[in-house]
Amino acid sequence: MFAVETENISKIYKGAFGNKQIHALSDMSLSVEQGSFFGLLGPNGAGKTTIIKILLGITNPSGGSAKVLGQDISNYKLKKKVGFLPENHRFPPYLTGEQVLKFFGGFSDMSQPELKKRIDYLLDLTKMNDRRKYKVKTYSKGMMQRIGLAQAMVNDPDLIFLDEPTDGVDPIGRKEIRDMLLNLKDQGKTIFLNSHLLSEVELVADRVAIIDKGKIIKEGTVKELTETEKEYKITFAGHISDSFCNSELTSQRIDNIHTDYFTLKAEDDDRLNAVIDAMRSEGLLIQGIVPIKTSLEDSFIRLINTKNGGVSQ
Amino acid sequence: MKNIWIIIKYTFREALAKKIMITFLILSALTIIGFGLAFSLMGDAAGIGSVSQPNASTPQSSTEIISAGVRFLEYGFVATLFVIGLFLSIFSTAGLVPDLLKKGNIDLFLSKPISKFELLCAKYLGGLAIVFVNIVFLVGSIWLMVGLKFSFWETSFLLSIASITFVFATLYALMTLLGILTKSPVLPIIISFLIVIVLNPLLAMRSMLYDLTDSSVVKGIFETFYYLIPQANEIVTISQDSIMGKADIVYTPIYTTAALMIVYLSLSFFFFKKKDF
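Chains Z and C supply the protein sequences, listed in that same order.
Taking the numbering used here, the leading residue of the first sequence gets -6, the next gets one more, and so forth.
Taking the numbering used here, the leading residue of the second sequence gets 153, the next gets one more, and so forth.
1) Rounded to a whole number of angstroms, what is the C-alpha to C-alpha distance between Val215(Z) and Gly28(Z)?
2) Check the DSSP bridge columns for Ser308(C) and list the partner residues they point to.
3) Quick check on Lys255(C) - is its C-beta less than 8 Å from some C-beta in chain Z?
4) Are the Cβ atoms of Val201(Z) and Leu289(Z) separated by less than 8 Å?
5) Could you tell me whether the Cβ atoms of Tyr87(Z) and Ala325(C) are closer together than 8 Å?
6) Is any heavy atom in the ligand COA found nearer than 7 Å to the beta carbon of Ala39(Z)?
7) Looking only at its chain, what residues have a beta carbon closer than 7 Å to the beta carbon of Gln64(Z), apart from the 5 residues adjacent to it on each side?
8) Thinking C-alpha only, which one of Leu78(Z), Lys73(Z) and Ile294(Z) is nearest Ile170(Z)?
9) Since Lys264(C) meets chain Z, which of its residues come closer than 7 Å, beta carbon to beta carbon?
10) Which residues in chain Z have a C-beta closer than 7 Å to the C-beta of Ser267(C)? List them in chain order.
11) What are the uninterrupted segments assigned as beta strand (DSSP E) that are 3 or more residues long and contained completely in the region 176 to 204 of chain Z, given in chain order?
12) Which residues in chain C have a C-beta closer than 9 Å to the C-beta of Leu189(Z)? List them in chain order.
13) Going along chain Z, which residues have a C-beta under 9 Å from Ile158(C)?
14) Does the region 272 to 290 of chain C come close enough to the region 171 to 186 of chain C that 3 or more CB-CB pairs lie under 8 Å?
15) Could you pull the start and end residues of the beta strand (DSSP E) that Phe310(Z) belongs to?
16) Does the Cβ of Met(-6)(Z) have 16 or more other Cβ atoms within 10 Å, making it buried, or fewer, making it exposed?
17) Against His16(Z), what residues of chain C qualify as contacts under a CB-to-CB distance less than 9 Å, listed in chain order?
18) Looking at chain Z, is there any beta carbon in it that lies within less than 8 Å of the beta carbon of Ala169(C)?
19) Within 8 Å, do at least three Cβ pairs link the region 90 to 104 of chain Z to the region 27 to 43 of chain Z?
20) Check this for me: beta carbons of Ala59(Z) and Ile66(Z), under 8 Å apart or not?
21) Beta-carbon separation of Gln383(C) and Val230(C) under 8 Å?
22) Looking at chain C, which residues of the region 37 to 55 of chain Z have a Cβ within less than 8 Å of any of its Cβ atoms?
23) Would Lys426(C) count as contacting chain Z if we go by Cβ distances under 8 Å?
24) Identify the continuous alpha helix (DSSP H) that holds Ile244(Z) and give its terminal residues.
25) Quick one: list the residues of chain D neighbouring Tyr162(C), beta-carbon separation under 7 Å, in chain order.
26) Note down, in chain order, every chain Z residue with its Cβ under 9 Å from the Cβ of Phe423(C).
27) Nearest chain C C-beta to Arg83(Z) closer than 8 Å, yes or no?
28) Would you mind telling me which residues of chain Z sit closer than 9 Å to Phe429(C), beta carbon to beta carbon, in chain order?
29) Can you check the region 67 to 129 of chain Z for any beta strand (DSSP E) of at least 3 residues that lies completely inside it and give the ranges in chain order?
30) Could you tell me the boundaries of the beta strand (DSSP E) in which Ala(-4)(Z) lies?
31) Check whether the region 179 to 189 of chain Z and the region 146 to 160 of chain Z are in contact - that is, three or more C-beta pairs closer than 8 Å.
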C-alpha cells in the first residue's frame, strides 16, 4: 500500500471575479511508498505546499483524486495517523511548549496518561524539556521548529508531512532534526518532506520528485537524479594542440579547455583510457584525473533551466 | 463532541490570554457600578411604582405597587443592557474567527482529525459561551442589585440573558460569515454596529417612514432589510413585555431571527468548506 497516492491532482486558484486563473498544480500524479522518505523539491511557487495542503484537506483540489494511508482525502479521520509541520506555523503565543503539545495531542485517540508520556518523550527527543514551561512567544525560530516537529509527532503518526522543517534552524539543529527524521524512518514511518535545502534532502531522502509550475518534471531516487554521464577534470602540463581538441575522439567529449586542464565526458572507462593514451601521444604530462560529482542541486538547477528553456549547465 | 469541547476550552483560554474576558468583565463591572450609583439616588420602589402607574384605577396593595415599580425599572434597564451587552460582545468576539483563519494557524487545526464543520461550530460556540458568561454576570448583577435594593425578585428580568445572547448569536453568525469571507474583523464589526445602531432603530419605525413616501421600491428595500437582519428592537420589546407580564406577546421576531441565524450559519459552513487555506 502507498502512504500517498495522487492521480491527476490539479489546483486552479481563481481571482476574486473568476477572471484570473493560476494553475498551481496540473494533473499531478505521484505515489509515496509506506516507510519511505520522500523529498519534494521545487522553486518557490512550484506547488509544493499546495500538494501537501490538498492531501491534508486544507485546500480543495480542482480535479483528480488522492489517497492518504489508503483512504480518500475527503475522510478527515485519516488524519489521526498523520502529522504535519506547516511552514511559518503560528502556535498560540500564550501557550507553553508543553501546552501546545497537550492541546494538539488532544485530538488524537490517546488517553491522558498516554499523551502525557508521549509529550515527555517528545520534549526529550526534541531537546525542549528545559523549555517546556516557557511560553512559545519566548522561543527562538529553532525552538519553534523543534516544538513544531514534536507537535507533528504527538499523535504517533504513520505519515508525517514536513514543510521546510529546518527553515531558520542553525547547522547543528539541522543535523539533529535530520537525525530525528532518519530515526522516525527507521521506526517505519513515512516522511514526506518539502524543502528548499537540496543538500539536506540529498542526505536523507529515498526518493525525490522535482516539481515546477505545478508539474512533476523528474522523479526517482537521489542516485537516479544525480546520475549523469561520467565527467572528469583532467589537469595536465604541456601544450594542447588544436588537432588533439578537434579529433574524432575528443571533439564531442572535451570542454572548458584551459592551458592546464579541461573537462572530459566519457561514456565508459575505455573512452577515458583512449583519451589518456591520446594525451600521452601528444606529449602531455597528466597531473590529475578527478571525477566530477553532480549534486542534487546541480541536477535540480539543470532540470529547471532546461524546462524553462534556459541553458543546461 | 470531544473535538468541539477541546476547541471551546481553547477559545476560552484565547479570550483570557488576549484579555478579552477581563476587558468585558471590567466594562460590565463599570456598567454595574453605574447602575448601582443610579440606584443609590432613587427613592423606594413604591414611589417608582406609583409614578409608573399614575392612572391605576383600582386600589393596589403595597406589594403590587413595589412589583410594578421594580418591573418599571427593569423594563427600562433591558434596552440599555441590550445595547451595552451587544456592544461589548461584538468587540470581544469579532477577532475570534478571523484569527483562526490566519495562515499558519488554520493549517495546524485542519491537519488534525477534526472536520471543518466541527471546527467552525466549536469556534462559534466558544465565542457564544464567552458572551453568555459575561451577559450572565452583567444582567445577573443588575438583577441582584435590584432585588437587594427593593427586596423584590422579578425572575422574568433574567430572560433578558437569553434574549441578549440570542440576538448576539444571530449577529455572531453574521460576523462569522463575514469573517470567513474577509478574514478580517473590521467588516464584521462595522456591519454589526451598523445593524445595532442604525438599521435596527430605523427599521423598527419603518411604518412611520412609510407615511412619508408612497414608493413601493423604498418600502421593498426596507422590508427586505428588515428580514435580513436580526430583529433586535422587537426582541427587546418582547423581553420588556414579558417583564411587564403582558399576555398577548407576539413571538414572530424570535422565529424570523432564529431562521436568519440558521441561514447565516449555513452560509458560513458552506463558504468555510469551500475556502482554500
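Glycine included, every Cβ here is placed at the ideal spot set by N, Cα and C.
Computed from a predicted model, the values in this text were never measured in an experiment.
Taking the structure as given:
1) CA-to-CA, the gap between Val215(Z) and Gly28(Z) works out to about 17 Å.
2) According to DSSP, Ser308(C) bridges with nothing at all.
3) It does: the Cβ of Lys255(C) has a partner Cβ on chain Z nearer than 8 Å.
4) Cβ atoms of Val201(Z) and Leu289(Z): closer than 8 Å.
5) For Tyr87(Z) and Ala325(C), no; Cβs fall outside 8 Å.
6) No copy of the ligand COA appears in this structure; indeed no ligand is present at all.
7) Counting only Cβ-Cβ distances below 7 Å, and skipping sequence neighbours, we find Leu71.
8) For Ile170(Z), the nearest C-alpha among the options comes from Leu78(Z).
9) Within chain Z, the residues near Lys264(C) are Lys72, Phe97 and Phe100.
10) Within 7 Å Cβ-Cβ: Tyr69.
11) DSSP runs (the beta strand (DSSP E)) wholly in the region 176 to 204 of chain Z: 183 to 187.
12) Rather than Leu, the amino acid found at residue 189(Z) in this sequence is His. Those within 9 Å of His189(Z) in chain C number zero; the least Cβ separation is about 18 Å.
13) Within 9 Å Cβ-Cβ: Phe96, Gly99 and Phe100.
14) Judged by Cβ distances under 8 Å, the region 171 to 186 of chain C makes contact with the region 272 to 290 of chain C, as three or more pairs qualify.
15) Within the shown structure, residues of chain Z are numbered from -6 to 306, placing residue 310(Z) beyond reach of any answer.
16) Exposed, because fewer than 16 other Cβ atoms sit within 10 Å of the Cβ of Met(-6)(Z).
17) Scanning chain C for C-beta atoms nearer than 9 Å to the C-beta of His16(Z) yields nothing, as the closest lies near 14 Å away.
18) At least one chain Z Cβ lies under 8 Å of Ala169(C).
19) Flag = no, the region 27 to 43 of chain Z and the region 90 to 104 of chain Z do not touch.
20) One thing to note: Ala59(Z) has its Cβ within 8 Å of the Cβ of Ile66(Z).
21) Result no, Cβ atoms of Gln383(C) and Val230(C) do not sit closer than 8 Å.
22) Closer than 8 Å at the C-beta level to chain C, one finds these residues of the region 37 to 55 of chain Z: Lys46, Leu49, Gly50, Ile51, Thr52 and Asn53.
23) Yes, Lys426(C) counts as interfacial toward chain Z.
24) Residue identity differs from the one stated: residue 244(Z) is Ser in this sequence, not Ile. Taken as a continuous stretch (DSSP letters only), Ser244(Z) belongs to no alpha helix (DSSP H), as it is neither H nor E.
25) In summary, chain D is missing from the structure at hand, where the protein chains are Z and C.
26) Near Phe423(C) there are no residues of chain Z at all, since even the closest Cβ is about 12 Å away, more than 9 Å.
27) Judged by the 8 Å Cβ criterion, Arg83(Z) is in contact with chain C.
28) Close partners of Phe429(C) in chain Z (Cβ separation under 9 Å): Lys46, Ile51 and Thr52.
29) Those beta strand (DSSP E) runs which fall completely within the region 67 to 129 of chain Z and span 3+ residues are 75 to 78.
30) Its beta strand (DSSP E) spans residues Phe(-5) to Lys7.
31) With the rule of 3 Cβ pairs closer than 8 Å, the region 179 to 189 of chain Z counts as touching the region 146 to 160 of chain Z.
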